[in-house]
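Working notes, structure below.
Numbering (UniProt numbering), first residue to last: 1 to 326.
Shown next as structure tokens:
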């Protein structure tokens, strides 16, 4: 048959040989007197590997830095870890067996302790001339870490929330923990998240017998509804004052960080039985200390306003220090 078409060659072809040397090769430093066990996945190897303390940037920090930006861009490397070599002396430590023979990685595999640190260090070196400065791109918004980022606001990604909206009713502790885990990532978008989720988190207690009650169902449905209709958050403007507004109940504490009435983040925490038994003054003070600590990166070194309905706290600076919270 006459040949009419041929395979299109990708613009970025896969490398046909070992990758070039980078600024960093991945090294595996083992604990003293440890015994190497070659198997995959690398649980045994990870257990005896000395952890690298290289700092990984936080998503919240990155969001704060893009406030006021007009353009956003993101890059996704193809099998990014595989673009970094492993130090030659450490290659045998990653040997593994298959039905076709024994092999060892020459490049950094996924699932290895300290791989994120090595990758981050490499990216910092590659982009060191561009870090912390504005760069050009051609989109109006960008999806990052499950959120949608624009010039002045931060919103949940509808594609991610859809999975929560259709989440089935949990039938056991594992299901509840999974739901709270994925929904908890977006708790900064939900006012009073901890209080709403309290009936579900109660099911995780070791002494509790799992029983799906009407109260749990209400909490489950309300969390999904809150996530689906969650507000759009503003991005911080460090030239303006911050306001921390406190809300306390018998079950939990809540707070909102805002500027000019525009919410930047919500915070909530379920109270322990010991704190629940204290006075409203103590619970309100606890809410203030927890909230200020949570948002200390915004508040330290700046004047800010705290709004509370506990009148006795208005003279806090003149009161005698009697509790750790004070």
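We put the CB at the ideal spot given by N, CA and C, even for glycine.
Query                                                                                                                        : Result
Beta-carbon proximity of residue 179 to residue 168, cut-off 7 Å                                                             : no
Same chain, Cβ closer than 7 Å to residue 231, five either side skipped, listed in chain order                               : 189 and 263
The alpha helix (DSSP H) enclosing residue 159, as first and last residue numbers                                            : 158-165
Residue 273 (DSSP reduced to helix, strand or coil)                                                                          : helix
Beta carbon of residue 253 nearer than 7 Å to that of residue 269                                                            : yes
Candidates 81, 227 and 44, of which the one nearest residue 161 by Cα                                                        : 227
Bounding residues of the beta strand (DSSP E) (the contiguous stretch that carries residue 220)                              : Note, residue 220: premise wrong, no beta strand (DSSP E); alpha helix (DSSP H) at 214-228.
Residue 312 beta carbon less than 7 Å from that of residue 281                                                               : yes
Residue closest to residue 309, alpha-carbon to alpha-carbon, out of 296, 290 and 283                                        : 283
Selection from 223, 300 and 91 that minimises the alpha carbon distance to residue 196                                       : 223
Range of the contiguous beta strand (DSSP E) that encloses residue 190                                                       : Neither: residue 190 is in no beta strand (DSSP E) and is coded neither H nor E.
Start-to-end residues for the alpha helix (DSSP H) that takes in residue 45                                                  : 43-47
Residue from 271, 279, 47 and 295 with nearest C-alpha to residue 258                                                        : 295
Buried or exposed (CB count within 10 angstroms, at least 16 for buried), residue 114                                        : buried
Cα-Cα separation between residue 340 and residue 88, rounded to whole angstroms                                              : Residue 340 cannot be examined here, being either before or after the span of the chain that is shown, 1 to 326.
Between the CA atoms of residue 55 and residue 122 - distance to the nearest angstrom                                        : 12 Å
C-alpha gap between residue 75 and residue 251, whole angstroms                                                              : 43 Å
Residues bridged to residue 267 (per DSSP)                                                                                   : 255
Start and end residues, beta strand (DSSP E) containing residue 245                                                          : 242-248
Exposure label - residue 221; buried when at least 16 CB within 10 Å                                                         : exposed
Between the CA atoms of residue 106 and residue 242 - distance to the nearest angstrom                                       : 50 Å
Alpha-carbon to alpha-carbon, residue 164 and residue 181                                                                    : 11 Å
Rounded straight-line distance, which links the Cα of residue 229 to that of residue 246                                     : 22 Å
Alpha carbon of residue 99 to alpha carbon of residue 267, nearest angstrom                                                  : 52 Å
Residue-level contact to chain B via CB, residue 182, 7 Å cutoff                                                             : Given the protein chain composition of this structure (a single chain), no chain B is represented.
Neighbourhood of residue 314 by C-beta distance below 6 Å, restricted to the same chain and skipping five residues each side : none
Identified DSSP bridge partners for residue 232                                                                              : Residue 232 is not bridged to any residue.
Range of the contiguous alpha helix (DSSP H) that encloses residue 293                                                       : 280-294
Contacting residues, own chain, Cβ-Cβ under 8 Å from residue 307 (five flanking each side not counted)                       : 243, 244, 245 and 246
Where residue 103 falls, given that 16 or more other Cβ within 10 Å makes a residue buried                                   : exposed
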